[in-house]
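All remarks here apply to the structure that follows.
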Amino acid sequence: MADYASQTVAQLKEILKSKGLSLDGKKADLVQRLQEAEEATEVPAAASASNGAESETTGVEVPAAISAPEPSAAEVVAAAPASTEGDAASAAADAADSEGAAKVEEKPKPLTADERKQLAVELLEKKVQRAIKFGDEQAAEAAKKDLARVEKFGVELGTALAREIGLVDKSLGNGFKKFNKHRKNFKPKNKNFKKKNNQKQ
């Protein structure tokens, strides 16, 4: 049995995380949870060993699959001794990297023009219905005009409608930082900015 009491809370939480156990509670709770989990893994191992010994004495063979089920990946990591925390952490990191690589490979494929058009039509029809429901005739007419345009020409990626549907990253429209001095609430970085400009006039 490993000496969990001498480890820090962060180390205990890493071990608990690798074993798939709850991370809640104080240090005493964490230590107790780890010790209970370790005892629970020792009991089935001892039981399977005793089953194997009984089968040898009685002459009846017990299939290995029945006596001891194959451990899952989480149990394999949990069965690693506490002295190899670095190995367990690197194994967990490798597993996370492989999951991350799988997520990277599953990039959403770009939508075709017809799919973009269909999304825009659905959105604009909802806008028309919403405007009619709340009695906003101007918004309903504007949405109807947009709907007719989309049905005729489709959706361009740089438009506000494309951003509203989610075809374009919404943060792309925020690239006007170099033009901030022309904005109404501009606060210059240089404190003497207004003084210099007023002196030149």
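Numbering (this note's numbering), first residue to last: -8 to 192. Quick reminder that beta carbons are idealized off the backbone N, C-alpha and C, glycines included.
Spatial distance of residue i from residue j (CA atoms)
{"i": "residue 143", "j": "residue 123", "result": "23 Å"}
{"i": "residue 146", "j": "residue 6", "result": "52 Å"}
{"i": "residue 150", "j": "residue 2", "result": "51 Å"}
{"i": "residue 69", "j": "residue 18", "result": "Model confidence at residue 69 stands at a pLDDT of 47, short of 50, so the residue's coordinates are unreliable and nothing is read from them."}
{"i": "residue 34", "j": "residue -7", "result": "16 Å"}
{"i": "residue 31", "j": "residue 24", "result": "10 Å"}
{"i": "residue 16", "j": "residue 0", "result": "10 Å"}
{"i": "residue 73", "j": "residue 14", "result": "Legend: pLDDT at residue 73 = 45, less than 50; position of this residue unreliable, value from coordinates given subsequently. So the alpha carbons of these two residues sit roughly 17 Å apart."}
{"i": "residue 109", "j": "residue 148", "result": "14 Å"}
{"i": "residue 29", "j": "residue -3", "result": "16 Å"}
{"i": "residue 194", "j": "residue 158", "result": "Because the chain here runs from -8 to 192, residue 194 falls outside it and cannot be looked at."}
{"i": "residue 129", "j": "residue 121", "result": "12 Å"}
{"i": "residue 127", "j": "residue 8", "result": "54 Å"}
{"i": "residue 125", "j": "residue 106", "result": "29 Å"}
Nearest-angstrom Cβ-Cβ length linking residue i and residue j, presumed shorter than 8 Å
{"i": "residue 21", "j": "residue 4", "result": "7 Å"}
Cutoff 8 Å; reference residue i; Cβ partners in own chain excluding five residues on either side
{"i": "residue 114", "result": "152, 155, 156"}
{"i": "residue 141", "result": "108, 111, 112, 115, 152"}
Sequence-distant residues of its chain with Cβ nearer than 7 Å to residue i (five each side left out)
{"i": "residue 119", "result": "131, 134, 135, 138"}
{"i": "residue 104", "result": "145"}
{"i": "residue -5", "result": "3, 22, 25, 26"}
{"i": "residue 12", "result": "24, 28"}
Where the alpha helix (DSSP H) containing residue i begins and where it ends
{"i": "residue 125", "result": "From DSSP, residue 125 is part of no alpha helix (DSSP H); its letter is neither H nor E."}
{"i": "residue 3", "result": "0 to 10"}
{"i": "residue 147", "result": "Here residue 147 belongs to no alpha helix (DSSP H), and DSSP marks it neither H nor E."}
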